[in-house]
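Q:
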Amino acid sequence: QDWCISRQLWWGHRIPAWYDNEGNVYVGESENEIRKQHNIENSIALIQDDDVLDTWFSSALWPFSSLGWPDETYDLKTFYPTNVLVTGFDIIFFWVARMVMMGLKFMDEIPFKEIYIHGLIKDKNGQKMSKSKGNILDPIDLIDGISLDELLDKRVQGLMQPEMEKRIINDTKKEFPNGIPDFGTDALRFNFAVQASTGRDVRLDLKRVEGYRNFCNKIWNASRFIKMNTNDFELLEIKDTEGHPIDQWIQSKFAETIDEVEKQFSQYRFDLAATAMYEFVWNDFCDWYIELSKALINEPGIKQSQKDYTKNNLIKMLDAILRMLHPAIPFITEEIWQSLSEENNNKSIMKANFPSSKNWKVDTEIASNTEWLKSFVSSVRQIRSEMTISPKQSIKIIVDDASNSDIKRLELFESFISNMGSIESIIHKEGPDDLPKSAIALLKGMKIYIPLEGLVDIEEEKARLQKKLSNLNQDLKSVENRLSNDAFVEKAPKEVVDELKEKFKALSSDQTRIEEQLKLL
61 QDWCISRQLW WGHRIPAWYD NEGNVYVGES ENEIRKQHNI ENSIALIQDD
111 DVLDTWFSSA LWPFSSLGWP DETYDLKTFY PTNVLVTGFD IIFFWVARMV
161 MMGLKFMDEI PFKEIYIHGL IKDKNGQKMS KSKGNILDPI DLIDGISLDE
211 LLDKRVQGLM QPEMEKRIIN DTKKEFPNGI PDFGTDALRF NFAVQASTGR
261 DVRLDLKRVE GYRNFCNKIW NASRFIKMNT NDFELLEIKD TEGHPIDQWI
311 QSKFAETIDE VEKQFSQYRF DLAATAMYEF VWNDFCDWYI ELSKALINEP
361 GIKQSQKDYT KNNLIKMLDA ILRMLHPAIP FITEEIWQSL SEENNNKSIM
411 KANFPSSKNW KVDTEIASNT EWLKSFVSSV RQIRSEMTIS PKQSIKIIVD
461 DASNSDIKRL ELFESFISNM GSIESIIHKE GPDDLPKSAI ALLKGMKIYI
511 PLEGLVDIEE EKARLQKKLS NLNQDLKSVE NRLSNDAFVE KAPKEVVDEL
561 KEKFKALSSD QTRIEEQLKL L
């Protein structure tokens, strides 16, 4: 079927065809060129066609026409074909397919090797944004912020259906009673990166954007801490062996993260790349390494060479983290990176190399020691949270069934455990002596007891645990019934069954822990 390429619109590329009074058609770049080419005198009137080319016809020529075609320009030779096209699924036939057709016709080669298809940005309820629905969010308003009155004016101005105005005003007031705060460009951009799953639409929820603004603030605060604590420190050429096991752990985690990010970028999984960056920077680097580094730098028992290594590591890793984050968070990474050194101040982070995992020492055995430390401290913190014991309240700990490796780790990390857990003493249980009424946490085979005398109301705690155990037993029974149903196990997707098995395992572990705690009380 023929494709009608003319359109009766006010804008577009005007069709390069001219007509004389006898109906003859002349095609060329301009009227002057046509007169010269066909030897037409100025006395003969030529009228250009009023129609314009179909948008998709003009757009189909874009990959090469924008590079100087039909002339053999440097840009055309350099950038045709290009590597990747980024576009939405709704114009695959209208635009993408026609660019391929035109490329094959005029250049004998397709215009791009790969196509990345992204989803549409919708509101938080999954509705397509439109003027009539009154749910359009302007990215500039999310970046700079907007008052409620300004937002209302924007949403009701020029409505094609005036009867919708009242509903739009009410919905907007309900959703944004105080207008929209300024989230900044980086937070909005990172939000889109995290949600950029292949081919899926993005639901724009401002609560998530707010969360990523907090992430940007976290990066800023981490950089301030590092600069304050390494202000007069000059970078050293030091050996990996001089570092503390905690330094080796963060290096191993960072190397893993870099490899994961590069892998996901290569597969256009921007969501997984951004998530990997977020998890490492927020959890491993900020929440754990920076907190542990405070003890490393200030602990009297730590050798000076190890303290220097930690300071060195903080500076170098911050520099590399900023380079890793820059594609997703361009503005604050540029600002912070340029402030790190005189050398950085004279250039842009855009021209710096992406970090390489080869530059960071990986030692899985040493890394596992620090993972054990994290689990130990987290177990103590969880008990504090469950029992509503203040983080500043000093507590005693009794450990039982500790393996040889547990004992070595307790000795290695004793000062860190004490500082991060507000622990005044760690006692190893010996023999069958009765334990005081305690809360318990399990760390693999080792039991961690926190005596509760003077910290909580024992009877209230027993009642709370009994209620929790009752609810847990119901959940456990429900999961057990589903897994014992052969028909369900055979028909359900494997990942669903595996997830239920993991849930059953976790619930059983919680059941054992709570029953143990009730015995102790």
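All the letters of the sequence shown, read from the start, carry residue numbers 61 to 581 under our numbering. Even glycine gets a Cβ: it sits at the ideal position worked out from N, Cα and C.
Could you say if the segment 437-444 and the segment 386-400 meet the contact criterion of at least three C-beta pairs nearer than 8 angstroms?
A: Cβ pair count under 8 angstroms is below three, so no.
Q: Let me know if K371 comes out buried or exposed under the rule of 16 or more other beta-carbons within 10 Å of its beta-carbon.
A: By the 10 Å Cβ count, K371 comes out buried.
Q: Residues in its own chain within less than 7 angstroms of W342 by CB, not counting five upstream and five downstream?
A: Cβ within range, chain order: F275, K278.
Q: Please name the residue in Q108, I100, D558, I94 whose C-alpha comes closest to that of Y79.
A: Closest option to Y79, Cα to Cα, is Q108.
Q: Could you tell me which residues DSSP puts in a beta bridge with P511?
A: Looking at the DSSP assignment, P511 forms a beta bridge with S498.
Q: Residues in its own chain within less than 6 angstroms of A256 by CB, not counting five upstream and five downstream?
A: The residues are F330, D331.
Q: What runs of the alpha helix (DSSP H), each 4 residues or longer, lie entirely inside the segment 115-152?
A: 115-120, 122-125, 134-139, all fully within the segment 115-152.
Q: Please classify W420 as buried or exposed, where buried requires at least 16 other C-beta atoms within 10 Å of its C-beta.
A: Label assigned to W420: buried.
Q: Inspect the beta-carbon positions of L118 and G72 and report whether they are closer than 8 angstroms.
A: What sits at residue 118 in the sequence shown is Ser, not Leu. Yes, the Cβ-Cβ distance between S118 and G72 is below 8 angstroms.
Q: Tell me the rounded alpha-carbon separation between K411 and N404.
A: Cα-Cα distance, rounded: 10 angstroms.
Q: Pick helix, strand or coil for M506, following the three-state DSSP scheme.
A: DSSP places M506 in strand when its eight states are reduced to three.
Q: Could you tell me the alpha carbon to alpha carbon distance between V160 and S90, rounded to whole angstroms?
A: Looking at the two C-alpha atoms, the distance is approximately 28 angstroms.
Q: Can you list, in chain order, the residues of its chain with a C-beta nearer than 8 angstroms to that of R383? Leave out the 5 residues immediately preceding and following it.
A: These residues qualify, in order along the chain: T393, W397, I409, A412, N413, F414, P415.
Q: Identify every run of the alpha helix (DSSP H) within the segment 348-372, keeping only runs that are complete inside it and at least 4 residues long; order them along the chain.
A: List check, alpha helix (DSSP H) in window: 351-358.
Q: Taking the Cβ atom as the reference point for each residue, do A333 and F325 lie within a distance shorter than 8 angstroms?
A: Yes, the Cβ-Cβ distance between A333 and F325 is below 8 angstroms.
Q: Please report the Cβ distance between L543 and Q571, rounded to the nearest whole angstrom; I am assuming they are in contact, meaning their Cβ atoms lie under 8 angstroms.
A: With a Cβ gap of about 15 angstroms, L543 and Q571 do not count as contacting.
Q: Could you tell me the alpha carbon to alpha carbon distance between T138 and V156, rounded to whole angstroms?
A: Whole-angstrom Cα-Cα distance: 21 angstroms.
Q: Return the chain-ordered ranges of every alpha helix (DSSP H) run that is complete within the segment 316-343 and spans a minimum of 4 residues.
A: You should have 330-338.
Q: Would you check if there are 3 or more beta carbon pairs closer than 8 angstroms linking the segment 201-221 to the segment 162-182?
A: No, because fewer than three Cβ pairs between the segment 201-221 and the segment 162-182 fall closer than 8 angstroms, the two stretches do not touch.
Q: Examine the Cβ distances between the segment 476-493 and the segment 442-460 and report whether three or more of them are shorter than 8 angstroms.
A: Flag = yes, the segment 476-493 and the segment 442-460 touch.
Q: For S312, does the count of other Cβ atoms within 10 angstroms reach 16, so buried, or fall short, so exposed?
A: With 16 or more Cβ atoms within 10 Å of its Cβ, S312 is classed as buried.
Q: Determine the closest residue to N81 out of Q97, L106, E93, with distance taken between C-alpha atoms.
A: Per the Cα distances, L106.
Q: My output table needs one value for Q108: the three-state DSSP class, helix, strand or coil.
A: Correct three-state label for Q108: strand.
Q: Can you tell me whether G239 is helix, strand or coil according to DSSP?
A: DSSP places G239 in strand when its eight states are reduced to three.
Q: In chain order, what residues of the same chain have a beta carbon less than 7 angstroms from the beta carbon of N576, not counting five sequence neighbours either side?
A: In the sequence on display, residue 576 carries Glu and not Asn. These residues qualify, in order along the chain: I500.
Q: Span of the alpha helix (DSSP H) holding F172?
A: Segment 172-178 is the beta strand (DSSP E) holding F172; no alpha helix (DSSP H) there.
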